[in-house]
Amino acid sequence: MAHQSELQLENNLIQQLQGLGYVSVKIQDGDALVSNLKSQLELFNQTTFTAKEFDAILNHLAKGSVFEKAKTLRDRFQLTKEDGTSFYVRFFNSENTGANVYQVTNQISLEGSYKNRYDVTLLVNGVPLVQIELKRSGTEIKEAFNQINRYQLHSFWSNSGLFQYVQLFVISNGVNTKYLANNELQSVKQTFFWADANNKNITELMPFAKAFLNPTQLGKMIAHYIVINETHKIMMVLRPYQYYATEAIIKQVRHTSDNAYIWHTTGSGKTLTSFKASQILMDLPDVYKVVFVVDRKDLDFQTMNEFNAFKEGSVSGTEDTTSLIKQFLGTYKDKKNVLLDSKLIITTIQKLNNAISDRNKMQISHLQDKKIVFIFDECHRSQFGETHERITKFFDKSQLIGFTGTPIFAENASKNDKGKRTTKDLFGDCLHKYVITDAIHDENVLRFGIEYVGKYKNKSKSFIDIEVEDIDKQEVLDSPMRIDKIVDYIIAHHDQKTFNKQYSALLTVSSIDNAVRYYDLFQQKKEAGEHDLRIATIFTFGANEDSDQAQDYLPDDEDSEFDMAAEGPTAYISSHSRDKLETYIGHYNQMYDTSFTTKSSELFEGYFKNISKRLKDREKKNFNDAKDRLDIVIVVNMMLTGFDAKKVNTLYVDKNLKQHGLIQAYSRTNRILGEQKSQGNILSFRNLKKATDEAITLFSNKDAIEVVTMPDYEKIAEKFEEALKTMREITPTYQSVDDLETEDAEALFVQAFRKLLRAMNVLQSYTDFDWEDIAIDEQEFEDYKSKYLDLYEKVKRDTKKEKTSILDDIDFELELIHRDQINVAYILKLISQLKGTNTSEAKAQRKAILDLLGGDIQLRSKRELIQKFIDENMPNIKDGDNIEEEFEKFWQEQKVLALGKLCEEEHLDKAQFKALIDAYIYSGREPIKDEVFQCLDNRPSILQARVIGDRIIAKMKEFVELFEKGMVA
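In my numbering, each number is its position in the sequence shown, counted from 1, plus 908.
See the structure below:
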């Protein structure tokens, strides 16, 4: 059967959309887009605008970033009409989405830096809110994603930036169709299939359009299910399972008073789902308050931050029981004495218990008959003692909704004085399920790459025992010799597991005593120069080995009458442990210039928050990795549940885990982040194979083990060999890449080598990896990689010359290539070895250095200058010890020359522009165009401003890439 062309796809889709209620309209260019906007806004607002009035509206719409425009869309604009009256212009009706006017058009051409023509555009009230990019059947869907990114850069900002109002993109090749929010930070990994309520994906374009793009559903998605994230200044859209869970909760609260729960696997975004459900429930007239309950103080802080990120000021945490009571009463004031009567409260279970205790309950007794919805986060942990009974007894009209990634079934229920009780016993029916196999299938979480480490090779290739099968004698597990070997193993393999410290790891151990042993050993070895890892640890209460619910969390400052349900009595850390922790916090303070201590509960809490923030912030664009990176955090139980950081990819395990505790702990590592992070790495120093298999079976099914865990090393090696064979069929040698005659042939090579890169990325994360196991040696692989990068450079050059190429939209996935350990300092060591070698050796070494430069994406740009230094400066350096100093002098001279040339070409004030570059290097924040224009001799005209601003910022980034990035050891 012939592939369906883009044109056929486009025409069929438009015809279908018209049948769904869209009005087809012909819009050829930017002027027609603006003209249509005027007539549609007049129709929607039931008024007319004069040319001057409409100019004022256009000026208002043109302001701000994509993020700010998302708010403008949902807001009203106070227009002063020419007759002096005020009129509130609406752009979108969120309350009654059927009142909006829906149109479809195609092939709009806009001219920005380049001229772009867009496939299918959905307009609501004349504003382009959905952009659909189509590729012919058989083409990689990723190409449509990359095309959108080009449009963002080249033309969406033209014509008053109206295309920056796009809320959702849809990408499709006919058979695969995905949607995504308009968010410049996301990768293709954050694109989603739509699905039905049973998690069956709707992949083909026509069924997708019927289910998702019909005006009723699309209006609902834009009005209620796009979240504006204040922290990252981006839009987020709910995934289908989040949408169905939220809808099910709303229906449950609207129509019944029964309790219920949601089972969504760990890592699938329960916080966003629970926030969206809370936000909609707050607006229901018969709901008095929505109370979000967590079981740990650190989660109280984390959840409050995340909720306020989704909507600024939407919620206040409760500092103590008194403030919780005031929030219930609607009399709570912040530190500035401003009344904050939010319908949404976040609190801990301890404070909630205190609020309804005998000494406090009279203050809120008149609220007993109010409808209060309690949403319990991780309800498998906190709801198995008296709390559940006390809440339902005190609040007559309470309704409890639980969220869990790992429900309690009969098989994993713990017994307490109430007997064995399951999640269903306490919360009733499960409203929606999305289990770990669903999430892995949809690529919403990663699989686990699990290695059980019992014996390993050291550099002399002799075997060193860490442990044998099923050791369970405590004295053997805790022995200093065993722990010393594990520390050596982690030091030896940490770079391999974390892509040379680009990711962080957690090390979970069985007791506070062992946390102390591990930390002390790492510190001793660091002082002895055996490693340069940055390590921290945090623990509070005693945590018992093998206890499902052992406590190791930030306690509430106030005395609680109640212990955590089913969790046994708490035991405060001994003075010895506290003294040790004080020392460790001192090391942390020295590393990061902080001033935390255990001597103040506020400062100790601040220490925990700082560690959490440091790990979470690594994913931000402006994070200063060299200065702020943290490599390993040693924990007992803290951070193993409810803590999410995408840049954590490895968990080292030296404790017994089982059932929900095991899945929760492993799931710290499997958040999606780009192509490089292919799995969550689990290195277990205990034999947890049986416990792992049982846990996966319990929380999905017995066939799920192969879905949830990565294959053995041998299987991955086989996949690599298959990819290698495919590539060699296209290009038998690396030299044959130069002989590829067409762009189609080059595209085939790029896709084949990219597949090989992906397989290598996974293969090298296994501790068993050895080049001898595969049918290509390291040098030949690097040679192929250089050719691959040559093609990437060619595409970049062609794009600058405004040449279009079929390689434009192919993703080269360069993040799979950069290796941090090869930096300029490393290259200089190799250069210094050139001195004193004979001519033939020096030639071979020179070639090896240049090959190495060509194989690293960051150093590639520096190759020409480093070659110039080797050829022109090296012959004049008599003493090899002076090479580093001479290179630094050479580099500074070249930097000054390059800056002078750039400023001359663009008519920039050199001192001002250098200050701007320095600020960019320091903060990581890209300058806004106004800051660039201040460096120009003459400010450009409005028509030229965008192109000139973009060009100068691009040149500035190239300058920084060349002279600054990768220059530090």
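Glycine residues also receive a C-beta, built at the ideal position from the N, C-alpha and C atoms. These figures come from a predicted structure and were not determined experimentally.
Do the segment 1785–1797 and the segment 1837–1853 touch if we need at least three Cβ pairs shorter than 8 Å?
-> no
Met-1114 versus Ile-1446, Leu-917 and Glu-1688, residue with shortest Cα-Cα distance | Stepping through the sequence shown from its first residue, residue 1114 is reached at position 206. It is Leu-917 whose Cα lies nearest to the Cα of Met-1114.
On a CA-only basis, which of Leu-951, Arg-982, Thr-988 and Ile-1040 is nearest Asp-963? Give me that one, please.
-> Start at 1 with the first residue of the sequence shown, and residue 963 comes out as number 55. The candidate whose alpha carbon is nearest that of Asp-963 is Thr-988.
Lys-1822 versus Tyr-1500 - alpha carbon distance = Here the question's residue 1822 lines up with position 914 in the sequence shown. Here the question's residue 1500 lines up with position 592 in the sequence shown. Near 28 Å, if we compare the C-alpha coordinates of Tyr-1500 and Lys-1822.
C-beta atoms of Asn-1532 and Gly-1175 nearer than 7 Å | Along the sequence shown, read from residue 1 onward, the residue named residue 1532 stands at position 624. Along the sequence shown, read from residue 1 onward, the residue named residue 1175 stands at position 267. Asn-1532 places its beta carbon 7 Å or farther from that of Gly-1175.
Quick one: what does DSSP say Asp-1031 is sitting in, helix, strand or coil?
-> By 1-based counting over the sequence shown, the position of residue 1031 is 123. Just to set this straight, residue 1031 is Leu in the shown sequence, not Asp. Three-state result, Leu-1031: strand.
Please name the residue, chosen from Thr-956, Met-1668 and Gln-1820, that lies closest to Val-996 on a Cα-to-Cα basis.
-> Against the sequence shown, residue 996 aligns to sequence position 88. For clarity, residue 996 is Tyr in the given sequence; the question names Val instead. Ranking the options by Cα distance to Tyr-996, first place goes to Thr-956.
Can you name the residues that DSSP bridges to Trp-1171?
-> Position 263 of the sequence shown, counted from the start, is the residue given in the question as residue 1171. For Trp-1171, which the question treats as bridged, DSSP gives the partners Thr-1312 and Lys-1341.
Measure the alpha-carbon distance for Ser-1644 versus Tyr-1692 and round it to whole angstroms.
-> Residue numbering aside, residue 1644 sits at position 736 when the sequence shown is read from its first letter. Residue numbering aside, residue 1692 sits at position 784 when the sequence shown is read from its first letter. In this structure, the straight-line span from the alpha carbon of Ser-1644 to that of Tyr-1692 is close to 10 Å.
Helix or strand or just coil, what does DSSP make of Asn-1268?
-> Numbered from its first residue, the sequence shown carries residue 1268 at position 360. Looking at Asn-1268 - three-state DSSP - the assignment turns out to be coil, as it is neither helix nor strand.
If Gln-1180 and Val-1135 are in contact, beta carbons under 8 Å, what's the gap, nearest whole angstrom?
-> Looking up residue 1180 in the sequence shown gives position 272. Looking up residue 1135 in the sequence shown gives position 227. Before going on, a small fix: residue 1180 reads as Leu here, not Gln. Confirmed, Cβ separation roughly 7 Å.
By Cβ distance, which residues of its chain are closer than 8 Å to Lys-1280, with the 5 residues on each side in sequence left out?
-> Residue 1280 sits at position 372 when you count from the first residue of the sequence shown. Sequence inspection shows Ile at residue 1280; the Lys mentioned does not correspond to that position. For Ile-1280, where only same-chain residues beyond five positions count, the Cβ hits under 8 Å are Val-1195, Tyr-1196, Lys-1197, Val-1198, Val-1199, Phe-1303, Lys-1305, Ser-1306 and Gln-1307.
Roughly how many angstroms lie between the CA atoms of Asp-1698 and Ile-1861, to the nearest whole one?
-> Sequence index remark: in the sequence shown, residue 1698 carries index 790 (1-based). Sequence index remark: in the sequence shown, residue 1861 carries index 953 (1-based). Straight-line Cα distance between these residues: approximately 24 Å.
Given that a residue counts as buried once 16 or more other Cβ atoms are within 10 Å of its Cβ, and exposed if not, what is Ala-1321?
-> Here the question's residue 1321 lines up with position 413 in the sequence shown. So Ala-1321 ends up on the buried side.
Could you check the C-alpha separation between Gln-1584 and Leu-1632 for me, to the nearest Å?
-> For this step, residue 1584 is matched to residue 676 along the sequence shown. For this step, residue 1632 is matched to residue 724 along the sequence shown. Going from the Cα of Gln-1584 to the Cα of Leu-1632 covers about 19 Å.
Ordered along the chain, which non-local residues of its own chain (more than five positions away) have a Cβ less than 6 Å from that of Tyr-1151?
-> Reading the sequence shown from its first residue, position 243 is the one you call residue 1151. The answer, listed in chain order, is Tyr-1133.
From Phe-1867, Glu-1866 and Ile-1836, pick the residue whose C-alpha is nearest to that of Ala-1853; which is it?
-> Indexing the sequence shown from 1 puts residue 1853 at position 945. Here the closest residue by C-alpha is Ile-1836.
Would you tell me roughly how many angstroms separate the C-alpha atoms of Lys-1517 and Lys-1409, rounded to the nearest one?
-> Counting from 1 along the sequence shown, the entry for residue 1517 is found at position 609. Counting from 1 along the sequence shown, the entry for residue 1409 is found at position 501. Using only the alpha carbons, I get a separation of about 22 Å.
Say whether the segment 1619–1634 touches the segment 1654–1673, bearing in mind that this needs 3 or more beta-carbon pairs closer than 8 Å, one atom from each stretch.
-> yes
Exposure of Gln-1382, with buried meaning 16 or more beta-carbon neighbours within 10 Å = Walking along the sequence shown from the start, residue 1382 turns up at place 474. With fewer than 16 Cβ atoms within 10 Å of its Cβ, Gln-1382 is classed as exposed.
Mind checking Ala-1105: buried by the 16 CB within 10 Å criterion, or exposed?
-> To locate residue 1105, count along the sequence shown from 1; it is residue 197. With fewer than 16 other Cβ atoms within 10 Å, it is exposed.
Per-residue DSSP class, three states only, for Thr-1331 | Counted from its first residue, the sequence shown places residue 1331 at position 423. Here Thr-1331 sits in helix by DSSP.
Starting from Val-1078, trace the alpha helix (DSSP H) both ways and give me its first and last residue.
-> To locate residue 1078, count along the sequence shown from 1; it is residue 170. Here Val-1078 belongs to no alpha helix (DSSP H); instead the beta strand (DSSP E) covers 1076–1080.
Given 8 Å, three or more beta-carbon pairs between the segment 1247–1262 and the segment 1163–1172 | no
Span separating the alpha-carbon of Leu-921 from that of Gln-1011 | The residue labelled residue 921 in the question sits at position 13 within the sequence shown. The residue labelled residue 1011 in the question sits at position 103 within the sequence shown. If you take the alpha carbons of Leu-921 and Gln-1011, they lie about 13 Å apart.
Okay, do the segment 1271–1280 and the segment 1229–1236 touch, 3+ Cβ pairs below 8 Å being the bar?
-> yes
Reduced DSSP secondary structure (H/G/I, E/B, other) of Met-1129 = Your numbering for residue 1129 matches position 221 in the sequence shown. Looking at Met-1129 - three-state DSSP - the assignment turns out to be helix.
Using the C-alpha atoms, what's the distance from His-1815 back to Lys-1709?
-> Translated into the one-based positions of the sequence shown, residue 1709 becomes position 801. Translated into the one-based positions of the sequence shown, residue 1815 becomes position 907. Confidence at Lys-1709 is low in this model, with a pLDDT of 47, below 50, so the placement of that residue should be treated as unreliable; the coordinate-derived value is given next. Going from the Cα of Lys-1709 to the Cα of His-1815 covers about 22 Å.
Expected contact under 8 Å - CB spacing of Asn-1109 and Met-1143 to nearest Å = Counting from one through the sequence shown, the residue named residue 1109 turns up at place 201. Counting from one through the sequence shown, the residue named residue 1143 turns up at place 235. Not a contact, Cβ separation roughly 23 Å.
When you compare only the Cα positions, how much space is there between Ile-1443 and Cys-1338?
-> Start at 1 with the first residue of the sequence shown, and residue 1443 comes out as number 535. Start at 1 with the first residue of the sequence shown, and residue 1338 comes out as number 430. Going from the Cα of Ile-1443 to the Cα of Cys-1338 covers about 41 Å.
Please go through the same chain and pick out, in chain order, the residues whose beta-carbon is closer than 8 Å to the beta-carbon of Ala-883, but skip the five residues on each side of it.
-> Only positions 909 to 1877 of the chain appear in the structure, and residue 883 is not among them; the question remains open.
If you draw a straight line from the C-alpha of Phe-1284 to the C-alpha of Gln-1160, how long is it?
-> Mapped onto the sequence shown, residue 1284 falls at position 376. Mapped onto the sequence shown, residue 1160 falls at position 252. Between Phe-1284 and Gln-1160, the C-alpha separation is close to 15 Å.
Proximal residues to Asp-1464 (C-beta, below 7 Å), its chain only, five neighbours per side dropped | Sequence index remark: in the sequence shown, residue 1464 carries index 556 (1-based). Below a pLDDT of 50, predicted positions are generally treated as unreliable, and Asp-1464, at 47, falls in that range; no measurement from the model is reported.
Exposed or buried, which one is Gly-927 when buried takes at least 16 other CB atoms within 10 Å?
-> Position 19 of the sequence shown, counted from the first residue, corresponds to residue 927. The residue in question, Gly-927, is exposed, as its Cβ has fewer than 16 Cβ neighbours within 10 Å.
Select from Asn-944, Ala-940 and Glu-1051 the residue whose C-alpha is nearest the C-alpha of Gln-1659.
-> In the sequence shown, counting from the first residue as 1, residue 1659 sits at position 751. Here the closest residue by C-alpha is Glu-1051.
Rounded to a whole number of angstroms, what is the C-alpha to C-alpha distance between Thr-1600 and Arg-1594?
-> Within the sequence shown, residue 1600 is the residue found at index 692, counting from 1. Within the sequence shown, residue 1594 is the residue found at index 686, counting from 1. Spanning the two alpha carbons is a distance of roughly 11 Å.
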